[in-house]
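Those letters in the sequence shown? Residues -22 to -1, 1 to 461, per mature numbering (1 follows the signal peptide of the UniProt record, and there is no 0), in order.
Glycine included, each C-beta is placed from N, C-alpha and C at the ideal position.
Fair warning: this is a prediction, and the values are worked out from it, not measured in the lab.
Structure first, then comments.
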Amino acid sequence: MTIMKHITLTLAVLILSIATFATDFLTSSPEEAVTLLNKADAGDRILLKDGVYNNAIIQFANTRGTKEKPVWFMAQTPGKVSFEGNSTLAFAGNYLIIAGFTWKNGGKGLKERSVISFRAGKQDAMYSTVQDCVIDDYNNDSLNTDNKWVSLFGQHNVLTRCLLKSKRNLGATVTVWLQPGVPARHLISYNYFLNRFNGPDADNGLESIRIGDSKTSFTEAHCIVAFNRFEACDGEIEIISNKSCHNSYLHNTFVESDGGLTLRHGNDCLCDGNFFDGTNKKLSYGIRFIGEGHAAINNYFYNLQGAPRQSFRAPVTLVNGLENTPINGYFQVRRAMISDNVFVNCDMPAIRIGVFSKRPGMTMGPDTVTINNNIIWDDAGKKGAVYESITAAAHADIQDNKVFGRSLEATEKGFIASDKKDINRSADSRWNYTGKMLIAIKSTAPAVTTAGADWVEPAIQRATQGSKYTYLKAAQAGPAWKY
């Protein structure tokens, strides 16, 4: 081969290689970034220069990303790009990744706009991710103005490793908006929800996560909420408000919060491996059932104190149905499963069924309820019956529930007072009991239930394998960079 031919061939290979590799673009303004984002090719990374940007309205759409080569919009240095004033981000398209940004020192004039929206104009995002971002105390001037910090639209999107701190005004922190009859299949994982306040002193609309609404409550959403930490989330009774069908709540941690996980509307949801630590919050509780086909297994309820203070706030509560209920009312609890859970040092009762409010017509007690293989333990001097039936359940299967505690009353059939000598526990009594009874083998949802999403993200599946439940520490949630 001649030297000229060799050079020609080398140049051709080099040009081909350059053509197949994506490009990094460092931009000096949000406007420049948007221009490039709208025309970026698969694999391109649009970086915004470190700095503070005021009143940045970022909106773009790009459908050129692929699973193997997504389009990135990211901070030059994670955590070093801040949006202030009334800055917002709205994006649409396929396989987009947003990473490393902070919103703080602002939000006063947002009105009803979301801070981050997986929709730009009328186009939704699909297969897209927001990760390693922070929204901190970014609230409207008027605490009665309803806006969401993160609005998830479309399908197959991910919100992961974000810190969502100090939301005060009306509007759920994160909302999943559904199209009737269309599965969303979003993943919300490893986020840190911290300090959710009830600024307007309202009863509703201050959730940390809401999936769906009453209008879409019979849509099979198939969303997964996993490995999130909720701390000091005192906005309202529903930290998580489920309002759709076939969602999975897996290995989340609730700490020092006056609220719990409410299956408010919709059917066939799975609560598996979650950890509820009341930390002396007087209105803390665990899981509230409304609707059909829900299952709670492998959950750990510790030091929850809401039960004697409000009827809806027992560690596990089953609510009565409303006769001829409207879609935004209370549907009857049917085919409920409460199995293989652990209750430690909670105010009694641990399980309360047939609860109703002052609303007329809430007379339809639970029908077909399974309460099996749960463990109720006390060494903190708690007293009272472990089980309370306000409205008796029809077709109740209650078996093999073990009760350990000198002052606990196991009078209901299916609850068995047991000897503490059977248990050896470690020094850390919050979650790390070592006895074969308290650290039971991880249970799987029995074949008779169809509760939960029809998929599990592989990394989530690996993380839950072999663990009955998870206590997620603060350092394990939120951005990879230190805020």
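Practice task
Spatial neighbours of Val160 within its chain, please: CB distance less than 8 Å, with the 5 preceding and 5 following residues excluded, ordered by chain position.
Solution key: Gln133, Thr197
Exercise for the section: Thinking Asn147 and Leu121 are a contact (beta carbons under 8 Å), I'd like their distance in whole angstroms, please. Expected result: 4 Å
Problem - Runs of alpha helix (DSSP H) lying entirely within the stretch 326 to 404, each at least 4 residues, in chain order - result: none
Practice task
Give a yes or no on contact between the stretch 248 to 255 and the stretch 296 to 303, applying the rule of three or more CB pairs nearer than 8 Å.
Solution key: no
Practice task
Tell me residue 515's beta-bridge partners as DSSP assigns them.
Solution key: Residue 515 falls outside the range modelled here, since the chain spans only -22 to 461, and no answer is possible.
Problem - For Lys360 and Asn323, the rounded distance between their alpha carbons - result: 7 Å
Practice task
Output yes or no for whether 8 Å exceeds the beta carbon distance between Pro286 and Tyr263.
Solution key: no
Practice task
Let me know if Asp378 comes out buried or exposed under the rule of 16 or more other beta-carbons within 10 Å of its beta-carbon.
Solution key: exposed
Practice task
Give the C-beta separation of Asn40 and Gly71 to the nearest angstrom, bearing in mind that I take them to be a contact with Cβ-Cβ under 8 Å.
Solution key: 4 Å
Exercise for the section: Along the beta strand (DSSP E) that carries residue 483, what are the first and last residues, could you check? Expected result: A query on residue 483 cannot be resolved here, the shown segment of the chain reaching from -22 to 461 and no further.
Practice task
Could you say which of Phe321, Ser95, Ala77, Gly237 lies nearest to Phe38 if we only look at CA atoms?
Solution key: Ser95
Practice task
Over the uninterrupted alpha helix (DSSP H) stretch that includes Val12, give me the two end residues.
Solution key: 8 to 17
Exercise for the section: Could you name the residues of the same chain whose beta carbon sits closer than 6 Å to that of Lys446, not counting the 5 residues immediately before and after it, in chain order? Expected result: Asn276, Lys420
Handout entry: Own chain partners of Asn32 with C-beta closer than 6 Å, once the 5 adjacent residues on each side are dropped
Key = Glu62, Gly63
Practice task
Give the straight-line distance between the Cα atoms of Gln454 and Val49, rounded to the nearest whole angstrom.
Solution key: 27 Å
Practice task
Name the residue from Leu25, Asp124, Arg207 whose alpha carbon lies nearest to the alpha carbon of Gly177.
Solution key: Asp124
Handout entry: Best match in Asp2, Ile394, Val112, Ala431 for proximity to Lys460 [C-alpha to C-alpha]
Key = Val112
Practice task
Flag this pair as yes or no: are the beta carbons of residue 463 and Ser192 separated by less than 8 Å?
Solution key: What is shown of the chain runs -22 to 461, which leaves residue 463 out entirely.
Practice task
Please classify Ala458: is it buried, with 16 or more other beta-carbons within 10 angstroms of its beta-carbon, or exposed?
Solution key: exposed
Problem - Local Cβ density within 10 Å of Asp2, reported as buried at 16 or more and exposed below that - result: exposed
Exercise for the section: Let me know the secondary structure DSSP gives Gly159 once reduced to three states. Expected result: coil
Exercise for the section: Can you have a look at His(-17) and say buried or exposed, based on whether 16 or more other CB atoms are within 10 angstroms of its CB? Expected result: The predicted model places His(-17) with a pLDDT of 42, which falls under 50 and marks its position as unreliable; any figure quoted below should be read in that light. Classification of His(-17): exposed, given that the 10 Å Cβ count is below 16.
Problem - Ala452 beta carbon less than 8 Å from that of Tyr116 - result: no
Exercise for the section: For Asn225, collect the residues of the same chain with a Cβ closer than 8 Å to its Cβ; drop the 5 residues on either side in sequence, then sort them by chain order. Expected result: Ile189, Ala199, His200, Cys201, Ile202, Val203, Gly244, Cys247, Leu248, Gly430, Ala431
Problem - Short Cβ contact (8 Å threshold) for Pro327 with Ala363 - result: yes
Exercise for the section: Rounded to whole angstroms, what's the CA-CA distance from residue 467 to His373? Just pull it up for me. Expected result: Outside the displayed span of the chain (-22 to 461) sits residue 467, for which this structure offers no information.
Exercise for the section: Take Val108 as the anchor and find which of Asn118, Asp114, Ile75, Asp102 has the nearest alpha-carbon. Expected result: Ile75
Exercise for the section: Can you tell me which of the three DSSP states Thr422 falls into? Expected result: coil
Problem - Residue(s) in a DSSP beta bridge with Cys211 - result: Arg174
Problem - Neighbourhood of Gly444 by C-beta, 6 Å cutoff - its chain only, sequence neighbours within 5 removed - result: none
Exercise for the section: Could you have a look at Thr194 and say whether DSSP puts it in helix, strand or coil? Expected result: helix
Handout entry: Ser195 to Arg163 span [Cα, whole Å]
Key = 15 Å
Handout entry: Buried/exposed call for Lys17, threshold 16 Cβ in 10 Å
Key = exposed
Practice task
Take Gln101 and list the residues in its own chain whose beta-carbon comes closer than 8 Å to its own, dropping the five residues that flank it on each side.
Solution key: Ala39, Ala70, Gly71
Practice task
Inspect the beta-carbon positions of Arg174 and Cys140 and report whether they are closer than 8 Å.
Solution key: no
Handout entry: Simplified DSSP state of Arg42, which is helix, strand or coil
Key = coil
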